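Following this note's numbering, the numbering of the sequence shown begins with 8 at its first residue and continues without gaps.
The C-beta atom is built at its ideal place from N, Cα and C for all residues, glycine as well.
Here the structure is a predicted model, which means the values were calculated and not measured.
Below is one structure; the comments refer to it alone.
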Amino acid sequence: MLTEELLLAWWRLRRLPGVGTVTVNEIRAGLSSPADLLSLTESALVAAGLSPQAAAAYFTDPGLSSGFERLQHWCTGEQQGVLLAGVAPYPQALSSLRDAPPLLWYQGDLSALNDPGLAIVGSRGATPAALDWTERVAAEVAAAGITVTSGLALGIDGAAHRGAVRTGRTIAVMATGPDRIYPARHQGLAREITQQGLLLTEFTPGTAPQARQFPSRNRIISGLCQAVLIVEAGIQSGSMITARLAADQGRDVLAMPGAVNNPLSAGPHQLIRDGALLVENSAQVLEALGIFTSTGPVSSMHSQAVPVLVTLVDYSLTATDVIGLRAQLPPAELMPQLMTLELDGWIQQIPGGYVRLR
């Protein structure tokens, strides 16, 4: 049972100077239950891995309790609280990692942690085609009972969350405190997520976004899930860090291929060369997760015949006059057809022309 006394004990341990997450988890692994920390003596803490100075400070330094009132206050809110590693409902898949966060702050529906999980991450500056693909796949995967996890960032992360909340559940792992939605434009999306999903973070309330915190949260994104799907990412991107973490954690890595002239295809293509599973639609994603569909893809978006005019539009910007030349159609005939294709979700108009979405 998670009590305030137990939370304070682990709060003090994780705040000891020079004692990192791995050391805290090693101590937890040596206990039959996290509650056993309450009965450990100073000498037992030394035997568990603390220095004599740290063990003494654990019992005597009042400063280690500083900030605990923020935890207490957060836990008074509706559908929000703190999870302690090793105590249900803290996710077992995450607590088994050497660098699992000892404490997780949450807001929303904890039952989202019970379903199989897929992480979807990618570039903040993704192409319209990749954003559309991600939102559709996330919606179809979530409809199949998979919780979609991402990082609430702009671009692919946001598309994954938006798709999933339409049909199922999603978890947003934040690189800020639970009360600091970043980016600010995702405040509305965050509210939607808490209605049928979960906001999750290892950072205390009030923590502002800092660059070093984003790679740290990536291990949580991958650790929560069976597999990680990378959609458009540069070679040196945070998404590639997430892919490496997933592989180190024993998770499957999936990648969506892209246009060879798109720099954001470099990351997924490298992962595929390294052994990641190439996926082109939600049926292939679900198959990778061990969920099979008798009818193939989950929706008609994959089986629907592609209109001829769509094949003349590239996944990168294609000028309207170029489309007209390829189709050998005058503007008076071309424009109504392009408008229809856009309404049907095949293409999107952007400054300078159109891009193909699927």
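What does residue i pair with, by DSSP beta-bridge criteria?
i: W112; result: V89, T208
i: Y65; result: Its beta-bridge partners do not exist; DSSP assigns none.
i: V180; result: L207
i: R131; result: DSSP output for R131 lists no bridge partner at all.
i: A234; result: L125, D259
i: G360; result: I357
i: L285; result: A262
Return helix, strand or coil for residue i, following the three-state DSSP convention.
i: G74; result: coil
i: Y97; result: coil
i: S157; result: strand
i: S301; result: In this predicted model, S301 has a pLDDT of only 45, less than 50, meaning its place in the structure is not dependable; the value taken from the coordinates is given anyway. Of the three classes helix, strand and coil, the one that applies to S301 here is coil, per DSSP.
i: G124; result: strand
i: M8; result: coil
i: T325; result: strand
i: D259; result: strand
i: S306; result: For S306, the predicted structure reports a pLDDT of 45, less than 50, and the residue's modelled location is therefore unreliable. The matter cannot be settled from this model.
i: L57; result: coil
i: S7; result: The requested residue 7 does not occur in the structure, where the chain is confined to residues 8 to 365.
i: E239; result: coil
i: L44; result: helix
i: R226; result: helix
i: D139; result: helix
i: P275; result: helix
i: T83; result: coil
i: G331; result: helix
i: Q344; result: helix
i: R365; result: coil
i: D164; result: helix
i: P216; result: coil
i: I188; result: coil
i: P24; result: coil
i: R19; result: helix
Would you check if the distance between the CB atom of residue i and the CB atom of residue j is smaller than 8 Å?
i: R251; j: G213; result: no
i: S289; j: V53; result: no
i: R224; j: V180; result: yes
i: S244; j: S103; result: no
i: A215; j: L206; result: no
i: T154; j: A182; result: no
i: G184; j: F221; result: no
i: T201; j: A166; result: no
i: I163; j: A146; result: no
i: G37; j: A55; result: yes
i: A149; j: R192; result: no
i: Q79; j: D116; result: no
i: T134; j: V313; result: no
i: V292; j: L125; result: yes
i: L285; j: A240; result: no
i: E12; j: L45; result: yes
i: L341; j: I357; result: no
i: A334; j: G360; result: no
Pick from the options: whose alpha carbon is nearest that of residue i?
i: A171; options: T208, H193, I127; result: I127
i: A160; options: R173, E147, A149, I178; result: I178
i: N121; options: T134, A240, A63, Q203; result: Q203
i: L296; options: I357, T327, Q233, L101; result: Q233
i: L57; options: P41, A42, A149, R35; result: R35
i: L261; options: N268, N269, T249, A334; result: T249
i: L364; options: R258, W81, G265, Y65; result: G265
i: D139; options: A151, P123, T83, H168; result: H168
i: Y97; options: P338, L23, L125, G230; result: G230
i: R226; options: G257, Q217, A240, I242; result: G257
i: V267; options: Y322, T174, L284, T67; result: Y322
i: T30; options: A63, A107, G124; result: A107
i: T28; options: R105, F66, L13; result: R105
i: A61; options: V235, L284, P338, L23; result: L23
i: Q99; options: R77, P123, E76, W81; result: P123
i: A283; options: P343, E340, I237, S246; result: I237
i: T367; options: A334, W81, L332; result: Outside the displayed span of the chain (8 to 365) sits residue 367, for which this structure offers no information.
i: E76; options: P41, P338, S46, L15; result: L15
i: Q217; options: I228, E199, Q194, P190; result: P190
i: V94; options: L345, T10, P337, I228; result: T10
i: R173; options: G195, E199, Q194, T156; result: E199
i: G369; options: I279, S246, T48, P343; result: In the structure as shown, the chain begins at 8 and stops at 365. Residue 369 is therefore absent and cannot be evaluated.
i: M263; options: A253, D255, G274, A254; result: G274
i: D255; options: V235, L324, L47; result: V235
i: I242; options: A253, I228, Q277; result: Q277
i: T48; options: A253, S40, Y65; result: Y65
Inset, instruction - State whether the segment 109-117 contacts the segment 85-94, with contact taken as three or more CB pairs (one from each stretch) at a distance under 8 Å. - result: Output reads yes: the segment 85-94 touches the segment 109-117.
Legend entry - Sufficient close CB pairs (3 or more, under 8 Å) joining the segment 350-361 to the segment 317-326: Three or more beta-carbon pairs drawn from the segment 350-361 and the segment 317-326 are found closer than 8 Å, and the two stretches are therefore classed as touching.
Legend entry - Any 3 or more C-beta pairs closer than 8 Å across the segment 18-31 and the segment 70-80: Yes, the segment 18-31 is in contact with the segment 70-80.
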